[in-house]
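Number of protein chains: 2
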Amino acid sequence: MPPEKISSLQNPRVKQLVKLRDRRPRDEAGVFLVEGYRQIRRALEKQVALSELYFSPEWFLGENEPALIAQAEAAGAKLFELSKDAFAKVAYRERPDGLLAVAPQWRRTLDELALPAAPFLLVVEAIEKPGNLGTILRSADAAGCQAVIVCDPVTDIFNPNVVRASTGVLFSVPCIVEESQRVHAWLKARGIRTIATTPAATELYSNADLRGPLAVIMGSEQYGLSEFWLKNADLPVRIPMAGQADSLNVAMATIITLFEAVRQRS
Amino acid sequence: MPPEKISSLQNPRVKQLVKLRDRRPRDEAGVFLVEGYRQIRRALEKQVALSELYFSPEWFLGENEPALIAQAEAAGAKLFELSKDAFAKVAYRERPDGLLAVAPQWRRTLDELALPAAPFLLVVEAIEKPGNLGTILRSADAAGCQAVIVCDPVTDIFNPNVVRASTGVLFSVPCIVEESQRVHAWLKARGIRTIATTPAATELYSNADLRGPLAVIMGSEQYGLSEFWLKNADLPVRIPMAGQADSLNVAMATIITLFEAVRQRS
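Line order of the protein sequences matches chains A and B.
The numbering used here applies: residue 66 is where the first sequence begins, and numbers increase by one.
The numbering used here applies: residue 66 is where the second sequence begins, and numbers increase by one.
Printed below as a string of structure tokens:
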């Protein structure tokens with residue numbers, strides 16, 4: 066069946082795609098946006114069931130788009146061909162490449178996680194900037210964490226800029242959204258040690274033992290760790306800082322801590 | 066003397082400020098832009114001689130702007146008050162705060178560097194994205210590098226987005242632009258060991274000895290290290306990667322390597 070063609074900027078599907086940039090309509094519909102060739106290819110590789118694929122050949126940058134569209138259709142996505150103008154309206158990227166998909170949101174729980182004997186987890190609290198959350202997901206993937214647990218999110222994991230900044234890691238590393246108290250109780254029940262990074266700590270992160278069952282806890286950009294985690298983490302550690310106070314942001318502090326753990330655990 | 070007032074979008078100064086976003090006019094004029102309260106404050110703290118300060122009270126976000134303007138004027142900056150529209154035209158930030166300064170470019174040379182007995186330097190080659198170069202400068206500051214040497218730049222260090230992403234580190238950490246061959250000869254003459262990060266290396270970065278006189282060499286986003294540095298660096302090292310191949314970008318690889326050096330050197 067040939068794809069439905071859409072050229073009107075007033076088409077309800079066009080309007081809905083624009084709405085999905087915002088969290089409430091996204092959560093109400095239970096879906097999120099995946100834009101661009103690379104992201105869509107990664108979603109398909111990870112068996113994400115794209116429900117709809119919108120494409121606009123006038124925006125294509127390469128020659129592989131038709132194959133990707135065919136693959137998405139074979140995997141169950143409904144296809145829509147958009148005019149150049151209509152695609153310009155639905156695209157949220159600065160330089161669109163004529164491909165935008167809709168995928169179902171998922172909700173994983175802590176108890177679904179399949180963990181090894183010595184789990185290596187990352188817990189982040191109330192991250193505000195989508196770019197930071199995406200970079201943090203990449204860091205956890207590179208470091209080999211089995212999951213990222215997002216506590217009390219300010220930015221939700223299905224924000225289009227998280228999807229983009231994660232370069233597809235959102236589709237591969239299990240990402241669980243849960244309240245801090247429940248996460249703490251769950252970690253404690255499983256004997257997973259919690260290491261929390263805060264400038265107020267006296268112990269250097271590299272002097273702490275980061276082997277064995279481990280969860281690294283990182284606070285938000287503006288406020289750092291909450292009172293809850295400062296009080297309840299097993300060990301607060303700090304990263305030494307030679308320069309101006311704000312040279313390390315949360316994404317940078319995360320990758321430093323995770324890779325020190327990788328070094329110790331190898 | 067009260068500041069000159071500008072409201073016309075056709076004013077030659079307004080036009081020149083817009084031009085300074087681009088490299089050629091910036092280099093021809095030998096100046097660069099510093100936008101926003103925090104950046105301007107940091108520039109003044111570091112005795113950067115701002116030549117001009119453009120302000121527009123209708124955009125101010127706080128109450129400290131008049132004090133900063135007075136400080137800039139006392140330090141020698143010529144003041145200009147812009148109408149709301151005129152400022153909107155010259156601002157390059159998404160959310161302007163009514164403050165934009167012009168500063169003279171500098172050109173430091175390797176031989177001007179004052180180095181300790183065991184220097185700790187970062188060398189980056191042909192970085193393309195201003196955001197990455199800014200983040201890399203922050204990392205070098207946090208790690209306590211004495212200088213960042215930018216070889217064969219694609220993005221120049223005075224790009225407004227480098228200035229912004231560096232959160233003022235551009236004004237504090239010496240940043241030298243030089244050709245790779247000259248940098249290599251200079252390092253060699255001073256007995257500074259070069260460690261180059263590349264996925265093709267067999268040695269793990271954390272198994273290498275990163276103490277003593279050290280320069281960490283990082284390649285560009287798209288092409289990695291050039292043949293020149295791959296051939297001439299003393300030791301190629303790699304960062305272990307558990308996830309998908311592109312999870313670590315150059316800024317992340319830089320901070321991992323620099324902080325392993327910090328750990329070993331402390």
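A virtual CB, placed ideally from N, CA and C, is assigned to each residue, including glycine.
Item	Value
Pick helix, strand or coil for A:E128, following the three-state DSSP scheme.	coil
Could you check if A:S245 is buried or exposed, using at least 16 other CB atoms within 10 Å of its CB as the buried criterion?	buried
Can you list, in chain order, the residues of its chain with a C-beta nearer than 6 Å to that of B:P68? Leave out the 5 residues immediately preceding and following it.	L144, F145 and E146
Which residues mark the beginning and the end of the alpha helix (DSSP H) in which B:A205 is found?	P195 to A208
For A:K149 and A:V167, I'd like the C-alpha separation in whole angstroms.	19 Å
Measuring only between beta-carbons, confirm whether B:M334 sits less than 7 Å from chain A.	Chain B is shown only over 66 to 331; residue 334 of chain B falls outside these bounds and no answer can be derived.
Anyone know if the C-beta pair for B:V96 and B:F236 falls short of 7 Å?	no
Could you check whether A:I222 and A:C240 sit closer than 7 Å to each other, using their CB atoms as the reference points?	yes
Examine chain A for any beta-carbon lying closer than 7 Å to the beta-carbon of B:D274, and answer yes or no.	no
With a threshold of 7 Å between beta carbons, is A:F236 in contact with chain B?	no
Can you tell which of B:P225, B:L279 and B:R158 has the C-alpha that lies nearest to the C-alpha of B:I214?	B:L279
Please specify which runs of the alpha helix (DSSP H), each continuous and at least 4 residues long, are wholly inside the segment 278-319 of chain B, giving them in chain order.	292-297
Determine, using beta carbons only, whether B:T263 comes closer than 7 Å to chain A.	no
So is A:R328 in contact with chain B if we call contact Cβ pairs under 7 Å?	yes
Let me see if you follow: with CB-CB separation under 7 Å, is A:T232 close to chain B or not?	yes
Going by CA-CA distance only, name the one from A:I304, A:V155, A:P195 and A:K194 that's closest to A:A265.	A:I304
Could you give the C-beta distance for A:F152 and A:S116, rounded to a whole number, given that I count them as a contact under 8 Å?	Incorrect: roughly 18 Å between the Cβ atoms, too far for contact.
Return the first residue and the last residue of the beta strand (DSSP E) that A:V227 is part of.	No beta strand (DSSP E) holds A:V227; the alpha helix (DSSP H) holding it covers P225 to A230.
Give a yes or no on whether 7 Å exceeds the smallest Cβ distance from A:D311 to chain B.	yes
Curious, which full-length alpha helix (DSSP H) runs of at least 4 residues does the segment 148-176 of chain A contain?	149-155
Reducing DSSP to helix, strand and coil, say where A:E20 ends up.	Lying outside 66 to 331, the shown extent of chain A, residue 20 of chain A is not represented and no answer is given.
In the DSSP output, what is B:I7 paired with across the bridge?	This structure gives no information on residue 7 of chain B, because the portion of chain B shown stretches from 66 to 331.
In this structure, does DSSP put B:A326 in helix, strand or coil?	helix
Ordered along the chain, which non-local residues of its own chain (more than five positions away) have a Cβ less than 7 Å from that of A:I134?	L118, F120 and L144
Here's the rule: buried if 16 or more other CB atoms are within 10 angstroms of the residue's CB, otherwise exposed. What is A:M317?	buried
Quick one: which chain A residues come within Cβ less than 7 Å of B:F324?	I321
Does any residue of chain A bring its CB to less than 7 Å from the CB of B:D206?	yes
Beta strand (DSSP E) containing A:A212: first to last residue?	A212 to C216
Within 10 Å of its beta-carbon, does A:S331 have 16 or more other beta-carbons around it, so buried, or fewer, so exposed?	exposed
Can you tell me which residues form a DSSP beta bridge with B:E268?	According to DSSP, B:E268 bridges with nothing at all.
So what does B:Y119 bridge to, in DSSP terms?	B:F145 and B:L165
Whose C-beta lies closer than 8 Å to the C-beta of B:I257 among residues of the same chain, with five residues either side of it excluded?	P184, L186, P278, L279 and A280
Would you say A:A307 reaches chain B, if we count a Cβ-Cβ gap shorter than 7 Å as a contact?	yes
Can the beta-carbon of B:G233 be found closer than 7 Å to that of B:R107?	yes
What's the gap between the Cα of A:K84 and the Cα of A:K154?	11 Å
Looking at chain B, is there any beta carbon in it that lies within less than 7 Å of the beta carbon of A:R203?	yes
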